[in-house]
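A.B. asks: Sharing a structure below in structure tokens format, with a few things to ask.
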Amino acid sequence: EAEVAQSPRYKITEKSQAVAFWCDPISGHATLYWYRQILGQGPELLVQFQDESVVDDSQLPKDRFSAERLKGVDSTLKIQPAELGDSAMYLCASSRDRFNSPLHFGNGTRLTVT
Amino acid sequence: GDSVTQMEGPVTLSEEAFLTINCTYTATGYPSLFWYVQYPGEGLQLLLKATKADDKGSNKGFEATYRKETTSFHLEKGSVQVSDSAVYFCALIGNTGNQFYFGTGTSLTVIP
Numbered sequence: 001e002a003e004v005a006q007s008p009r010y011k012i013t014e015k016s017q018a019v020a021f022w023c024d025p026i027s028g029h030a031t032l033y034w035y036r037q038i039l040g041q042g043p044e045l046l047v048q049f050q051d052e053s054v055v056d057d058s059q060l061p062k063d064r065f066s067a068e069r070l071k072g073v074d075s076t077l078k079i080q081p082a083e084l085g086d087s088a089m090y091l092c093a094s095s096r097d098r099f100n101s102p103l104h105f106g107n108g109t110r111l112t113v114t
Numbered sequence: 001g002d003s004v005t006q007m008e009g010p011v012t013l014s015e016e017a018f019l020t021i022n023c024t025y026t027a028t029g030y031p032s033l034f035w036y037v038q039y040p041g042e043g044l045q046l047l048l049k050a051t052k053a054d055d056k057g058s059n060k061g062f063e064a065t066y067r068k069e070t071t072s073f074h075l076e077k078g079s080v081q082v083s084d085s086a087v088y089f090c091a092l093i094g095n096t097g098n099q100f101y102f103g104t105g106t107s108l109t110v111i112p
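Sequences listed follow chains A and B, in order.
In case it helps, the working numbering puts the first sequence at residues 1 to 114.
In case it helps, the working numbering puts the second sequence at residues 1 to 112.
Here it is, written out as structure tokens:
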């Protein structure tokens, strides 16, 4: 079964440094999501793409976070500068379309900011 | 707005015990409902889904029925195994297809 690929699996960075995460969705999936999951909580949406366009980034802290999906396939999420409170699991998910299709998640990137 | 409420955890059961994890939702219209499972260190995996009232989703011995009258989608399994130890998330997507809403998750530990 096709999977959503994410890298790296783990990232440790110092406060104020820049960090980037990469996601390759399942082939043919038009919708891509970035979620942040704090330990012990459910995923919270950061940004949603439909093809290369941002559909929803209302919860993305735009002063330090940015996301792009230039060719409508893979995507990069960047944090600059990282803060201690950014320590979390960053999950990428994709779906065939925006309407009732289930999400397929990658294994995530565990970020630790020291 | 749309939301999902799950029962508080953690839940600890003995092997072969009956499992129920409660989930209720608030949504306008007719959302689709999902259960996801997350094993340690991994992303979420779709466990089962139901897209309309009275539908029953099932997979790997787990079941959940979409109850519109009680706005519920409780997860059940008749006999849990140690390998079912994980965190379970209830989720919905509204019929406008805007975004998924996840519950806070319920941690299940099954002991031999």
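Don't be surprised by glycine CBs; every beta carbon is placed ideally from N, CA and C.
Residues in the same chain with beta-carbon distance under 6 angstroms from E14 of chain A, minus the five sequence neighbours each way, listed in chain order, please.
C.D. replies: In the first sequence, counting from the first residue as 1, residue 14 of chain A sits at position 14. For E14 of chain A, where only same-chain residues beyond five positions count, the Cβ hits under 6 angstroms are T114.
A.B. asks: Starting from E136 of chain A, trace the beta strand (DSSP E) both ways and give me its first and last residue.
C.D. replies: Look at the range of chain A in this structure, 1 to 114, and you will see that residue 136 of chain A is not part of it.
A.B. asks: Which residues of chain B have a Cβ atom closer than 7 angstroms to the Cβ of G42 of chain A, listed in chain order?
C.D. replies: Numbered from 1 along the first sequence, position 42 holds the residue referred to as residue 42 of chain A. Neighbours of G42 of chain A on chain B, chain order: F89, F102, G103, T104, G105.
A.B. asks: For chain B, find out if any of its Cβ atoms is closer than 9 angstroms to the Cβ of E99 of chain A; answer yes or no.
C.D. replies: Within the first sequence, residue 99 of chain A is the residue found at index 99, counting from 1. Reading off the sequence, residue 99 of chain A comes out as Phe, not Glu. At least one chain B Cβ lies under 9 angstroms of F99 of chain A.
A.B. asks: Less than 9 angstroms between CB atoms is the rule here; does V54 of chain A satisfy it with respect to chain B?
C.D. replies: Here residue 54 of chain A refers to the residue found at position 54 when the first sequence is read from its first residue. Closer than 9 angstroms: no.
A.B. asks: Going straight from the alpha carbon of G103 of chain B to that of F105 of chain A, what length do you get?
C.D. replies: Here residue 103 of chain B refers to the residue found at position 103 of the second sequence. Here residue 105 of chain A refers to the residue found at position 105 of the first sequence. So the alpha carbons of these two residues sit roughly 16 angstroms apart.
A.B. asks: Is there contact here, the region 50-69 of chain A with the region 59-66 of chain B, by at least three beta-carbon pairs under 8 angstroms?
C.D. replies: In short, these stretches do not touch, since the Cβ pair count stays below three.
A.B. asks: List the endpoints of the continuous beta strand (DSSP E) containing A64 of chain B.
C.D. replies: Within the second sequence, residue 64 of chain B is the residue found at index 64, counting from 1. Segment 62-65, the beta strand (DSSP E) holding A64 of chain B.
A.B. asks: Taking all protein chains shown into account, decide if I79 of chain A is buried (16 or more other Cβ within 10 angstroms of its Cβ) or exposed.
C.D. replies: The count along the first sequence starts at 1 and reaches residue 79 of chain A at position 79. Under this definition I79 of chain A is a buried residue.
A.B. asks: Do you know offhand how far D51 of chain A's Cα is from E44 of chain A's?
C.D. replies: Translated into the one-based positions of the first sequence, residue 51 of chain A becomes position 51. Translated into the one-based positions of the first sequence, residue 44 of chain A becomes position 44. Going from the Cα of D51 of chain A to the Cα of E44 of chain A covers about 21 angstroms.
A.B. asks: Using a 10 Å radius around the Cβ and a threshold of 16 neighbouring Cβ atoms, would you call I111 of chain B buried or exposed?
C.D. replies: In the second sequence, counting from the first residue as 1, residue 111 of chain B sits at position 111. That one is exposed.
A.B. asks: Enumerate in chain order the residues of its own chain whose CB-to-CB distance from S107 of chain B is below 6 angstroms, with the five nearest sequence positions on each side excluded.
C.D. replies: Here the question's residue 107 of chain B lines up with position 107 in the second sequence. Result list for S107 of chain B: G9, P10, V87, in chain order.
A.B. asks: Roughly how many angstroms lie between the CA atoms of A18 of chain A and S87 of chain A, to the nearest whole one?
C.D. replies: Working through the first sequence from its first residue, we reach residue 18 of chain A at position 18. Working through the first sequence from its first residue, we reach residue 87 of chain A at position 87. Those two C-alpha atoms are separated by around 13 angstroms.
A.B. asks: Please state whether the Cβ-Cβ distance between S3 of chain B and Y36 of chain B is less than 9 angstroms.
C.D. replies: Along the second sequence, read from residue 1 onward, the residue named residue 3 of chain B stands at position 3. Along the second sequence, read from residue 1 onward, the residue named residue 36 of chain B stands at position 36. No, Cβ-Cβ distance for S3 of chain B and Y36 of chain B is not below 9 angstroms.
A.B. asks: Using DSSP with H/G/I as helix, E/B as strand and the rest coil, what is G57 of chain B?
C.D. replies: Along the second sequence, read from residue 1 onward, the residue named residue 57 of chain B stands at position 57. Correct three-state label for G57 of chain B: strand.
A.B. asks: Helix, strand or coil: how does DSSP classify S83 of chain B here?
C.D. replies: Translated into positions along the second sequence, residue 83 of chain B becomes position 83. Looking at S83 of chain B - three-state DSSP - the assignment turns out to be helix.
A.B. asks: Using a Cβ cut-off of 8 angstroms, pull out every chain B residue sitting near Q48 of chain A, in sequence order please.
C.D. replies: Counting from 1 along the first sequence, the entry for residue 48 of chain A is found at position 48. The answer, in chain order, is Q99.
A.B. asks: Where does L84 of chain A sit, in a helix, a strand or coil, going by DSSP?
C.D. replies: The residue labelled residue 84 of chain A in the question sits at position 84 within the first sequence. In the structure shown, L84 of chain A sits in a helix (DSSP, three-state: H, G or I).
A.B. asks: Between A17 of chain B and L92 of chain B, how many whole angstroms is the CB-CB distance? I'm expecting something under 8 angstroms.
C.D. replies: The residue you call residue 17 of chain B lines up with position 17 of the second sequence. The residue you call residue 92 of chain B lines up with position 92 of the second sequence. Contact doesn't hold; Cβ gap of about 27 angstroms is too wide.
A.B. asks: Quick check: the Cα distance between T112 of chain A and W34 of chain A, rounded to an integer number of angstroms?
C.D. replies: Locating residue 112 of chain A in the first sequence gives position 112, counting from the first residue. Locating residue 34 of chain A in the first sequence gives position 34, counting from the first residue. Rounded to the nearest angstrom, the two C-alpha atoms are 17 angstroms apart.
A.B. asks: Assuming L91 of chain A and Q41 of chain A make a contact with CB atoms under 8 angstroms, what is their CB distance in whole Å?
C.D. replies: The residue given as residue 91 of chain A occupies position 91 in the first sequence. The residue given as residue 41 of chain A occupies position 41 in the first sequence. That belief does not hold up - the Cβ atoms of L91 of chain A and Q41 of chain A are roughly 12 angstroms apart, past 8 angstroms.
A.B. asks: Quick one: which chain B residues come within Cβ less than 8 angstroms of F65 of chain A?
C.D. replies: By one-based count along the first sequence, residue 65 of chain A stands at place 65. Near F65 of chain A there are no residues of chain B at all, since even the closest Cβ is about 17 angstroms away, more than 8 angstroms.
A.B. asks: Provide the residue span of the beta strand (DSSP E) that contains Q38 of chain B, from first to last.
C.D. replies: As a working note, residue 38 of chain B is residue 38 in the second sequence. 32-38 is the extent of the beta strand (DSSP E) around Q38 of chain B.
A.B. asks: Between the Cα of F73 of chain B and the Cα atoms of B:F100, B:K52, B:Q45, B:T12, which residue gives the shortest distance?
C.D. replies: On the second sequence, residue 73 of chain B is found 73 positions in, with the first residue counted as 1. Cα-wise, what sits closest to F73 of chain B is B:K52.
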